[in-house]
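Asks: In our numbering, the protein residues as written are 114 to 213. Glycine is no exception: its CB is placed at the ideal position from the N, C-alpha and C atoms. Pasting in a structure now, in C-alpha coordinates, and then I'll have a few things to ask.
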(Lines of atoms letter the chains of each structure in order from A and count residues from 1; the text may use other names and numbers.)
(Lines give C-alpha, C1' and ligand atoms only; values in the text may rest on other atoms or scores of the structure.)
Protein backbone atom coordinates (compact mmCIF):
# COMPACT_ATOMS: atom_id res chain seq x y z
CA UNK A 1 0.00 0.00 0.00
CA UNK A 2 1.44 3.37 -1.06
CA UNK A 3 1.52 6.32 1.30
CA UNK A 4 -0.30 8.68 -1.05
CA UNK A 5 0.25 11.76 1.11
CA UNK A 6 3.57 12.30 -0.73
CA UNK A 7 2.02 12.14 -4.21
CA UNK A 8 0.56 15.27 -5.79
CA UNK A 9 -1.95 13.83 -8.26
CA UNK A 10 -1.88 15.64 -11.58
CA UNK A 11 1.60 17.06 -10.93
CA UNK A 12 3.99 14.31 -9.84
CA UNK A 13 5.41 11.90 -12.38
CA UNK A 14 6.53 8.31 -12.36
CA UNK A 15 8.67 6.06 -14.53
CA UNK A 16 8.05 2.43 -15.40
CA UNK A 17 9.35 -0.09 -17.91
CA UNK A 18 7.24 -2.49 -19.96
CA UNK A 19 8.78 -4.67 -22.72
CA UNK A 20 12.03 -2.67 -22.66
CA UNK A 21 10.27 0.68 -23.13
CA UNK A 22 10.66 3.16 -20.28
CA UNK A 23 7.73 5.54 -19.91
CA UNK A 24 7.53 8.78 -17.96
CA UNK A 25 3.97 9.66 -16.99
CA UNK A 26 1.92 12.07 -14.91
CA UNK A 27 0.12 10.37 -12.03
CA UNK A 28 -3.61 10.88 -12.58
CA UNK A 29 -5.03 8.70 -9.77
CA UNK A 30 -3.58 6.50 -7.06
CA UNK A 31 -5.34 4.16 -4.63
CA UNK A 32 -4.33 1.16 -2.54
CA UNK A 33 -5.17 -1.12 -5.47
CA UNK A 34 -4.02 0.69 -8.60
CA UNK A 35 -2.20 3.59 -10.24
CA UNK A 36 -3.56 5.46 -13.28
CA UNK A 37 -1.17 7.54 -15.38
CA UNK A 38 -1.01 9.73 -18.49
CA UNK A 39 2.22 9.01 -20.40
CA UNK A 40 4.25 12.00 -21.56
CA UNK A 41 7.32 10.27 -23.03
CA UNK A 42 8.65 6.85 -23.99
CA UNK A 43 12.15 5.61 -24.80
CA UNK A 44 14.10 2.39 -25.18
CA UNK A 45 17.36 4.26 -24.32
CA UNK A 46 18.83 3.29 -27.72
CA UNK A 47 17.12 4.54 -30.83
CA UNK A 48 13.56 5.45 -29.92
CA UNK A 49 12.18 8.52 -28.14
CA UNK A 50 8.60 9.74 -28.33
CA UNK A 51 7.06 12.62 -26.43
CA UNK A 52 3.57 14.02 -26.04
CA UNK A 53 4.38 16.86 -28.44
CA UNK A 54 4.46 14.49 -31.41
CA UNK A 55 2.54 11.45 -30.17
CA UNK A 56 -0.83 10.95 -28.53
CA UNK A 57 -0.45 8.44 -25.71
CA UNK A 58 -3.24 6.40 -24.21
CA UNK A 59 -3.58 6.49 -20.43
CA UNK A 60 -2.65 3.35 -18.53
CA UNK A 61 -3.72 1.77 -15.25
CA UNK A 62 -1.59 -0.66 -13.28
CA UNK A 63 -2.64 -2.96 -10.47
CA UNK A 64 -0.54 -2.62 -7.32
CA UNK A 65 0.43 -6.27 -7.81
CA UNK A 66 2.55 -5.41 -10.86
CA UNK A 67 4.62 -2.48 -9.49
CA UNK A 68 7.68 -4.73 -9.09
CA UNK A 69 7.30 -6.16 -12.60
CA UNK A 70 7.28 -2.69 -14.19
CA UNK A 71 10.10 -1.26 -12.00
CA UNK A 72 7.85 1.60 -10.86
CA UNK A 73 9.67 4.72 -9.68
CA UNK A 74 7.99 7.88 -8.39
CA UNK A 75 9.38 11.41 -8.50
CA UNK A 76 10.33 12.55 -5.02
CA UNK A 77 10.41 16.33 -5.01
CA UNK A 78 13.14 16.91 -2.47
CA UNK A 79 11.50 14.45 -0.08
CA UNK A 80 14.05 11.82 0.73
CA UNK A 81 16.88 13.06 -1.50
CA UNK A 82 20.29 13.19 0.12
CA UNK A 83 20.87 16.68 -1.34
CA UNK A 84 24.18 15.57 -2.84
CA UNK A 85 23.36 17.31 -6.13
CA UNK A 86 22.90 20.97 -5.31
CA UNK A 87 20.30 22.61 -7.52
CA UNK A 88 18.41 19.38 -8.27
CA UNK A 89 14.82 19.52 -7.09
CA UNK A 90 14.41 15.78 -6.58
CA UNK A 91 14.86 12.37 -8.14
CA UNK A 92 13.02 9.18 -9.10
CA UNK A 93 12.89 6.69 -6.24
CA UNK A 94 11.58 3.11 -6.20
CA UNK A 95 7.92 2.96 -5.21
CA UNK A 96 8.93 0.90 -2.17
CA UNK A 97 10.08 4.12 -0.49
CA UNK A 98 6.41 5.10 -0.28
CA UNK A 99 5.10 1.81 1.05
CA UNK A 100 3.29 2.47 4.32
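By Cβ distance below 6 angstroms, which residues in the same chain neighbour residue 125 in space, the five residues on each side in sequence not counted?
Replies: If you number the chain shown from 1, residue 125 lands on position 12. Within the same chain, and ignoring the five residues on either side of residue 125 in sequence, the residues whose Cβ sits closer than 6 angstroms to its Cβ are 140 and 188.
Asks: Would residue 135 pass as a contact of residue 156 if the rule is Cβ separation under 8 angstroms?
Replies: In the chain shown, counting from the first residue as 1, residue 135 sits at position 22. In the chain shown, counting from the first residue as 1, residue 156 sits at position 43. In contact: residue 135 and residue 156 (Cβ atoms closer than 8 angstroms).
Asks: Could you pull out every residue in the same chain whose Cβ sits closer than 8 angstroms to the Cβ of residue 147, ignoring the five residues on either side in sequence?
Replies: Taking the chain shown and counting its residues from 1, the one referred to as residue 147 is at position 34. 174, 175, 176 and 177.
Asks: Go ahead and label residue 121 buried or exposed: buried means 16 or more other beta carbons lie within 10 angstroms of its beta carbon, across all protein chains shown.
Replies: Here residue 121 refers to the residue found at position 8 of the chain shown. Residue 121 comes out exposed.
Asks: Do the CB positions of residue 172 and residue 150 come within less than 8 angstroms of each other?
Replies: Sequence index remark: in the chain shown, residue 172 carries index 59 (1-based). Sequence index remark: in the chain shown, residue 150 carries index 37 (1-based). A distance below 8 angstroms separates the beta carbons of residue 172 and residue 150.
Asks: How big is the Cα-Cα spacing for residue 206 and residue 160?
Replies: Walking along the chain shown from the start, residue 206 turns up at place 93. Walking along the chain shown from the start, residue 160 turns up at place 47. Spanning the two alpha carbons is a distance of roughly 25 angstroms.
Asks: Give a yes or no on whether the C-beta atoms belonging to residue 116 and residue 213 are separated by under 8 angstroms.
Replies: Within the chain shown, the letter at position 3 stands for residue 116. Within the chain shown, the letter at position 100 stands for residue 213. Their beta carbons are under 8 angstroms apart, which means residue 116 touches residue 213 by this criterion.
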